[in-house]
Amino acid sequence: MSRAEAIGKPSPLWTFGLLRSELITTFRRWRTLALLGVLAAVPILVGIAVKIETGDGSSMGGGGPQGGGGGPAFISQITNNGLFLVFTALAATLPFFLPMAIGVIAGDAIAGEANAGTLRYLLVAPAGRTRLLLTKYATTMAFCLVATLVVAVSALTVGALLFPLGDLTTISGTRISFAEGLGRALLIALVVAVSLIGVAALGLFVSTLTNSGIAAMATTVGLLITVQILDQIPQLHAIHPYFFSHYWLSFADLMREPVYWDDLVKNLGVQALYAAVFGSAAWARFMAKDITA
Amino acid sequence: MEELPAAEGDEADQTDRADRADRAAQVAPAGQVGDVGTVIVTRALTKRYRGGQLAVDGLDLTVPAGSVFGFLGPNGSGKTTTIRMLMGLIEPTSGTARVLGQPMPRAARAVLPHVGALIEGPALYGFLSGRDNLIRYDAADPTADPRTRRTRVAAALDRVGLTAAASKKAKAYSLGMKQRLGLAAALLQPRRLLVLDEPTNGLDPQGMREIRALIRELASDGTTVFLSSHLLDEIEQVCTHAAVMAQGRLITQGAVAELAAGTRGRLFVATPDTGDAARVLKEQGAGDVVITEDRVTAEPPDRDLADVNAALVTAGVRVRGFGVERASLEDAFVALTGEGFDVAG
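Residue numbers (my numbering), protein chains in the order written: chain E, 1 to 293; chain P, 1001 to 1345.
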């Protein structure tokens, strides 16, 4: 019994050891790196496509790849200013590539551990169910941020290499300095990352429902596509504002002068709602779950 | 000859085991509920899965402190479900379980840092090295000091003989190496209780021997070891106490010596003159005489066996061997369940 005391009281800070371990484990996975690689490749492809299209000096003709869909017409400005590649790349990846990557990470979070059997050992360590779930959610959100920044940084690099940089024109037609443009780009990247919180919460909830990582990933990505399709059906107009993806492209409003906040705020509200609802559902489900895998 | 103790059990081990059994018995008088000398106590512990299947049915289990407790039963008898309930992974349908004196799963955070567990084989991150796997499991324990993490991990690897393979990716490990790494994870901290579910699965005979030696060593340090197995041999070699489950119910529990003592040993005579020997044995009062090829076995009569032997020789029976076969746990099990051990429940 004397050895019981030898194991000290847990220091409150040590509880973050699991988060650190989780971050390292996630970002060391080959799969995570592959997802980030695909995301980094999108701006490169868009940049090269625009460069080739406008190689003869003519301006962009027609709608570019993935730039449409109600998204802002940033693509036509890329040839004037490489910084616009950042906005174009984020607008191109936000509808599908980014949330798909989040769906894979979030869907695998609990179900993948259950599938591998490592979940039972984490829980008898004891990681604690709430602590483990919070750690998983924090890691998924960290991945949202990293994934968005990877797209932004890759786009900025390609934009700087292929196109001129300098002062830029906002959607409202006013001129802002390059430094302020860079600030706006960073702000937009953060808003895009925050836009993914809803998908992350949804994916985590799905992940607590099954013991198969693949099933959880597929379900999350399937839900993502379904919602995107439903969002295009006019007859469902009444419920559109409750879709996590409905206000995603509102980040373009940050390029207005003055900034148009309405949709941006609605977007943040929807994301918070999804995080609260599906976060609670995931917690309730995970606390009561029999770990049989 | 067959009456020899099992191949591996040398004198020292046998004595050591008997000592521990005594010690455990002193600490924990049989049947006392919630006694400080008990490490695991369950009362009417029951688990019915959602499909309606009754996996564990009214289990009353008492594991004395300091014992090496063998948890026996055929595959599908509810052993693993019981272990998962004890570890807080599965919520019991009804009944209570106390581990280290505290209720599970409610007190999981206080209890589990003192418990090392290997449940249904090891589970590892294939893309991490053996060492990094242990670092991750250690980081999951909020009571584990990160400053001494590397030292603890190195010590655990050394204890299971994996130091040389520590940097290899776990997916390249053999089954035996994975099993060892799982054991190392259970030994990251000094534990008061070790729960080992089929710890020798997948190991070669040398590996099994090492694990048994490790279990004895841990037990002699005072750690209670709760060992589930479907190998009677294994239980008999290392355990001081045992419980037997079949079809979700507890059939018996107690000290191994007592369980085996419940079944009387059988008298055997090795002889070419089986017919005469059988006749003499019957005359001497032996019951249930069975003749096989060149052996006669029987329930020993209530008289000095030296006289029985003398009677055989006087009757001109040529005796090659004579003695009483020690009752094994397997005999006890068959006597208890009336069926072979390998029948799945």
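Note that beta-carbon positions come from the ideal geometry of N, C-alpha and C, so glycine has one too.
Within 10 Å of its beta-carbon, does residue i have 16 or more other beta-carbons around it, so buried, or fewer, so exposed?
| i | result |
| --- | --- |
| GLY61 of chain E | Here the model assigns GLY61 of chain E a pLDDT of 44, short of 50, so the residue's position is not dependable and the matter cannot be decided. |
| GLY47 of chain E | buried |
| ILE1211 of chain P | buried |
| ALA1278 of chain P | buried |
| PRO115 of chain E | Contrary to the premise, residue 115 of chain E reads as Asn rather than Pro in this sequence. The residue is buried, with at least 16 neighbouring Cβ atoms inside 10 Å. |
| ALA155 of chain E | buried |
| LYS1171 of chain P | exposed |
| ASN1075 of chain P | exposed |
| GLN1032 of chain P | At GLN1032 of chain P, the pLDDT of 38 sits below 50, so the modelled position is not reliable; the number obtained from the coordinates is stated separately. Exposed, since its Cβ has fewer than 16 Cβ neighbours within 10 Å. |
| GLU1293 of chain P | exposed |
| VAL1290 of chain P | exposed |
| GLU1217 of chain P | exposed |
| ALA1242 of chain P | buried |
| GLN77 of chain E | buried |
| ASP253 of chain E | buried |
| SER302 of chain E | The requested residue 302 of chain E does not occur in the structure, where chain E is confined to residues 1 to 293. |
| SER1094 of chain P | exposed |
| ILE1083 of chain P | buried |
| ILE1362 of chain P | This structure cannot speak to residue 1362 of chain P, because chain P is shown only from 1001 to 1345. |
| SER59 of chain E | Caution applies to SER59 of chain E, whose pLDDT of 49 falls short of 50 and renders its modelled position unreliable; the model cannot decide the point. |
| PRO126 of chain E | buried |
When the distance is taken between beta carbons, is residue j closer than 8 Å to residue i?
| i | j | result |
| --- | --- | --- |
| ALA106 of chain E | THR135 of chain E | no |
| GLN1102 of chain P | ALA1144 of chain P | no |
| LEU119 of chain E | ALA1140 of chain P | no |
| LEU85 of chain E | VAL38 of chain E | no |
| SER1067 of chain P | THR1240 of chain P | yes |
| PHE96 of chain E | VAL42 of chain E | no |
| LEU1086 of chain P | ILE1040 of chain P | yes |
| GLY1287 of chain P | VAL1324 of chain P | no |
| VAL1160 of chain P | ALA1184 of chain P | yes |
| ILE197 of chain E | TYR274 of chain E | yes |
| ALA185 of chain E | THR148 of chain E | no |
| THR948 of chain P | ARG1318 of chain P | Any answer about residue 948 of chain P is impossible in this case: the structure gives chain P only from 1001 up to 1345. |
| ILE1235 of chain P | GLY1070 of chain P | yes |
| ARG1295 of chain P | VAL1269 of chain P | yes |
| LEU187 of chain E | LEU83 of chain E | no |
| GLY166 of chain E | ASN267 of chain E | no |
| LEU1232 of chain P | LEU1072 of chain P | yes |
By alpha-carbon positions, which one of the options ends up nearest to residue i?
| i | options | result |
| --- | --- | --- |
| LEU1157 of chain P | P:LEU1196, P:ASP1145, P:GLN1179 | P:GLN1179 |
| ALA193 of chain E | E:MET287, E:ALA91, E:ILE24 | E:ALA91 |
| ARG1346 of chain P | P:VAL1056, P:ARG1136, P:TYR1049, P:PHE1322 | The structure shown does not extend to residue 1346 of chain P, since chain P spans only 1001 to 1345, so no value can be given for it. |
| GLY1248 of chain P | P:ILE1040, P:LYS1079, P:VAL1068 | P:LYS1079 |
| GLU22 of chain E | E:ILE102, E:GLY222, E:LEU122, E:LYS266 | E:LEU122 |
| ILE225 of chain E | E:THR25, E:GLY103, E:GLU257 | E:GLY103 |
| THR32 of chain E | E:PHE143, E:GLY128, E:PRO234 | E:PHE143 |
| ASP1302 of chain P | P:VAL1296, P:GLU1283, P:VAL1063, P:LYS1171 | P:GLU1283 |
| GLY112 of chain E | E:PHE163, E:THR210, E:LYS266, E:VAL50 | E:THR210 |
| GLY1285 of chain P | P:ILE1291, P:ASP1304, P:SER1077 | P:ASP1304 |
| ALA1134 of chain P | P:ARG1147, P:GLY1222, P:ARG1152 | Reading the sequence as shown, one finds Leu at residue 1134 of chain P and not Ala. When only C-alpha atoms are compared, the closest one is P:ARG1152. |
| TYR1049 of chain P | P:ASP1307, P:THR1081, P:GLY1066 | P:THR1081 |
| GLU53 of chain E | E:ALA125, E:THR130, E:LEU162, E:LEU196 | E:LEU162 |
| SER1220 of chain P | P:ARG1192, P:THR1096, P:VAL1319, P:ASP1138 | P:ARG1192 |
| SER172 of chain E | E:VAL50, E:PHE74, E:ALA293, E:TRP283 | E:PHE74 |
| ASP108 of chain E | E:SER250, E:PHE286, E:SER207 | E:SER207 |
| SER1174 of chain P | P:VAL1225, P:LEU1203, P:ARG1149, P:ALA1107 | P:LEU1203 |
| GLY1037 of chain P | P:ALA1213, P:THR1223, P:ARG1106 | P:THR1223 |
| VAL227 of chain E | E:PHE27, E:ALA34, E:PRO99 | E:PRO99 |
| VAL153 of chain E | E:GLU180, E:LEU132, E:THR15, E:LEU36 | E:LEU36 |
Give me the chain P residues within the contact set of residue i, using Cβ-Cβ distance strictly less than 8 Å, ordered along the chain.
| i | result |
| --- | --- |
| VAL124 of chain E | MET1087, GLY1088, LEU1089, LEU1112, VAL1115, ALA1117, ILE1119 |
| SER21 of chain E | ILE1135, ARG1136, ALA1139, ALA1140 |
For the ligand GDP, is there a heavy atom less than 7 Å away from the beta-carbon of residue i?
| i | result |
| --- | --- |
| GLY1037 of chain P | Among the components modelled here there is no ligand, and therefore nothing to report on the ligand GDP. |
Can you pull the chain P neighbours of residue i, defined as C-beta to C-beta under 9 Å?
| i | result |
| --- | --- |
| ARG120 of chain E | ARG1084, MET1087, LEU1089, ALA1117, ILE1119, GLU1120, ALA1123 |
| ASP290 of chain E | LYS1047, TYR1049, ARG1050, ARG1084, LEU1089, ILE1090, GLU1091 |
| ALA281 of chain E | Residues of chain P passing the Cβ test: none, with the nearest at roughly 19 Å. |
| THR25 of chain E | TYR1125, PHE1127, LEU1128, ASP1132, ARG1136 |
Kindly list, in the order they appear in chain E, the residues whose Cβ is closer than 9 Å to that of residue i.
| i | result |
| --- | --- |
| ALA1185 of chain P | TYR121, ALA125 |
Could you list which residues in chain E have their beta carbon closer than 7 Å to that of residue i, in chain order?
| i | result |
| --- | --- |
| ALA1108 of chain P | PRO126 |
Which residues in chain E sit within 8 Å of residue i, going by Cβ to Cβ distance?
| i | result |
| --- | --- |
| VAL1127 of chain P | The sequence shown places Phe at residue 1127 of chain P, not Val. Result: ARG28, ARG29, TRP30. |
Note down, in chain order, every chain P residue with its Cβ under 7 Å from the Cβ of residue i.
| i | result |
| --- | --- |
| GLY117 of chain E | ALA1123 |
Do the segment 1196 to 1213 of chain P and the segment 1110 to 1119 of chain P touch if we need at least three Cβ pairs shorter than 8 Å?
yes
Is the segment 279 to 292 of chain E touching the segment 199 to 210 of chain E, taking contact as three or more C-beta pairs under 8 Å?
Cβ pair count under 8 Å is three or more, so yes.
Hey, is the segment 247 to 257 of chain E in contact with the segment 162 to 176 of chain E, meaning 3+ C-beta pairs nearer than 8 Å?
yes
Does the segment 231 to 240 of chain E come close enough to the segment 213 to 222 of chain E that 3 or more CB-CB pairs lie under 8 Å?
no
Spell out a yes or no on whether the segment 1124 to 1133 of chain P and the segment 1157 to 1168 of chain P are touching, meaning 3 or more CB-CB pairs, one atom from each, closer than 8 Å.
Three or more Cβ pairs closer than 8 Å define a contact, and the segment 1124 to 1133 of chain P meets that threshold against the segment 1157 to 1168 of chain P.
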